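Asker: Numbering (UniProt numbering), first residue to last: 2 to 271. In this text, a Cβ means the ideal position worked out from N, Cα and C, and glycines have one as well. Quick caveat, the model's predicted, so the values are computed rather than measured.
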Amino acid sequence: DMSTTLALVGNPNSGKTTLFNALTGSNQHIGNWPGVTIERKSGKLKQDHQIEIQDLPGIYSLSPYSSEEIITRNYLLNDQADRLLDVVDATNLERNLYLTLQLMETGIPLVMGLNMMDRLQKEGNRKINLKKLEYILGVPVVSISALKKQHMPQLINQLEATKIPEYSYPEYDGRLESAISMISDQIREVVPAKQLRWYAIKLFERDEEISGTLTLTPEQEREIEATINTTEKIYDDVSDSIVVNARYDFIARVMNMCVIDADDFRMSWS
Ligand code: GDP
Ligand code: K
Ligand code: MG
């Protein structure tokens, strides 16, 4: 069976459903996610029935606080998606990137569909350098308008590519990276290799939903807790907040490098 499953992931209102409809046409299956009344839609890509598309619930984060987040992350962790199409609202790039970074931590190949480009152009006060965005994130970026069905052939080309380039993970502050690497050493034997970073970060965040799924020795648990405690002392902050700040630092660098606002010019002439 040569079929691949492509999961649409993104913030609420980033245009997932509009894009899903544009890609699948009337070829859709609608149901519910098990145990919850959240609608589940899947369908086949119109131009290539080997590509099965799954629309996932809109989320801002892969934390375990809402049904939408839990459905999405379980789906991603249980290896049901071969690739991700990260639907990003270009007019809200900064906020949307917060989820993108977390999606990249799952190790699943990802293409970014930078949506709402028609609105960004109409607003006319911001330019996004797509080449630099691709470079700094290390993922393919295709600018689209799902509503106006613009750049759909370019997107489909990228989705059909036999291989999506491997990306390196977003690299955070060195002191956090060394904690992640020490935790990784403790759990290397008990988690899938490509999800090592995901599990290490989640353990660092003290995500109990995740730690509950792993069987660790008391010694491993002690080592991990010691790593977290030491790092919290270094930062004088709690671990989940250290990770949040590290992600925002990374996003600030991306925005600095890739985005030019009309205001930036006005400032420099005043
Ligand atoms: P979802 O919550 O991610 O499924 O987002 P929807 O597909 O429901 O879209 C949210 C709103 O954004 C709707 O009003 C869409 O018509 C609109 N929308 C989606 N894609 C685009 C786009 O490319 N351009 C513009 N201007 N609006 C869009
Ligand atoms: K919506
Ligand atoms: Mg939707």
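If you measure from the CB of Ser15, is any heavy atom of the ligand GDP nearer than 7 Å?
Answerer: By one-based count along the sequence shown, residue 15 stands at place 14. Result yes, Cβ under 7 Å from the ligand GDP.
Asker: Check Met105 in the structure and name its three-state DSSP category.
Answerer: Along the sequence shown, read from residue 1 onward, the residue named residue 105 stands at position 104. Residue state, collapsed to three classes: helix.
Asker: Specify, as a first and last residue, the run of the beta strand (DSSP E) that Ser144 falls within.
Answerer: For the purposes of this step, residue 144 is taken as residue 143 along the sequence shown, with counting starting at 1. Element bounds for Ser144: Val142 to Ser144.
Asker: On the DSSP letters alone, give me the boundaries of the beta strand (DSSP E) that Leu57 sits inside.
Answerer: What you label residue 57 is simply residue 56 of the sequence shown in a count that begins at 1. Segment: none, Leu57 is in no beta strand (DSSP E) and carries neither H nor E.
Asker: For the segment 222-234 and the segment 53-71, state whether three or more C-beta atom pairs, one from each stretch, are separated by less than 8 Å.
Answerer: Too few Cβ pairs lie closer than 8 Å, so no.
Asker: Could you name each continuous alpha helix (DSSP H) segment of 4 residues or more that falls completely within the segment 140-212, going from the start of the chain to the end?
Answerer: The segment 140-212 contains, as complete alpha helix (DSSP H) runs of 4+ residues, the segments 153-161, 175-188, 197-205 and 209-212 (chain order).
Asker: In this structure, how does DSSP classify Lys128 when only helix, strand and coil are distinguished?
Answerer: The count along the sequence shown starts at 1 and reaches residue 128 at position 127. In this structure, DSSP gives Lys128 an extended state, which the three-state scheme calls strand.
Asker: Where does His152 land, buried or exposed, given buried means 16+ other C-beta within 10 angstroms?
Answerer: Position 151 of the sequence shown, counting from 1, holds the residue named residue 152. So His152 counts as buried.
Asker: Note down the Cα distance separating Thr5 from Ala82, rounded to an integer number of angstroms.
Answerer: Within the sequence shown, residue 5 is the residue found at index 4, counting from 1. Within the sequence shown, residue 82 is the residue found at index 81, counting from 1. In a straight line, the C-alpha of Thr5 is about 8 Å away from that of Ala82.
Asker: Between the Cα of Trp199 and the Cα atoms of Glu40, Leu77 and His30, which residue gives the shortest distance?
Answerer: Position 198 of the sequence shown, counted from the first residue, corresponds to residue 199. Nearest C-alpha to Trp199: Leu77.
Asker: Cα-Cα, which of Ile60, Ile72 and Asn12 is closest to Arg41?
Answerer: Indexing the sequence shown from 1 puts residue 41 at position 40. Looking at the Cα atoms, Ile72 is the closest of the given residues.
Asker: Of all the options Leu9, Ser240, Ile229 and Val244, which has the alpha carbon lying nearest to the alpha carbon of Ile52?
Answerer: Stepping through the sequence shown from its first residue, residue 52 is reached at position 51. Looking at the Cα atoms, Leu9 is the closest of the given residues.
Asker: With a threshold of 8 Å on Cβ separation, who are the neighbours of Lys149 within its own chain once the five nearest residues in sequence on each side are excluded?
Answerer: Counting from one through the sequence shown, the residue named residue 149 turns up at place 148. Once the five neighbours on either side are set aside, the close Cβ partners of Lys149 are Asp119.
Asker: Does the count of Cβ pairs from the segment 252-264 and the segment 125-144 closer than 8 Å reach three?
Answerer: yes
Asker: If you count every other CB in all the chains shown that lies within 10 Å of the CB of Asn12, and 16 or more means buried, which is it?
Answerer: Counting from one through the sequence shown, the residue named residue 12 turns up at place 11. Buried.
Asker: Give the list of continuous alpha helix (DSSP H) stretches no shorter than 4 residues that lie fully inside the segment 209-244.
Answerer: 209-212 and 219-236
Asker: Considering only the alpha carbon of each residue, which of Gln55, Gln122 and Glu190 lies closest to Ser144?
Answerer: Sequence index remark: in the sequence shown, residue 144 carries index 143 (1-based). For the residues Gln55, Gln122 and Glu190, the minimum Cα distance to Ser144 belongs to Gln122.
Asker: The ligand FAD heavy atoms versus the CB of Met117: any closer than 7 Å?
Answerer: For the structure depicted, the ligand FAD is absent and the ligand set comprises only the ligand GDP, the ligand K and the ligand MG.
Asker: Under 7 Å: does the beta carbon of Thr18 sit that close to some heavy atom of the ligand MG?
Answerer: In the sequence shown, counting from the first residue as 1, residue 18 sits at position 17. Answer for Thr18: yes, Cβ within range of the ligand MG.
Asker: Grab me the residues of Trp34's own chain with a C-beta within less than 6 Å of its C-beta, minus the 5 sequence neighbours each way, in chain order.
Answerer: For this step, residue 34 is matched to residue 33 along the sequence shown. For Trp34, where only same-chain residues beyond five positions count, the Cβ hits under 6 Å are Arg41 and Ile72.
Asker: Taking just the CA atoms, how far does Leu7 sit from Asn28?
Answerer: Locating residue 28 in the sequence shown gives position 27, counting from the first residue. Locating residue 7 in the sequence shown gives position 6, counting from the first residue. Answer to the nearest angstrom: the Cα atoms are 15 Å apart.
Asker: Using DSSP's beta-bridge definition, name the partner residues of Thr6.
Answerer: Counted from its first residue, the sequence shown places residue 6 at position 5. Paired residues: Glu53.
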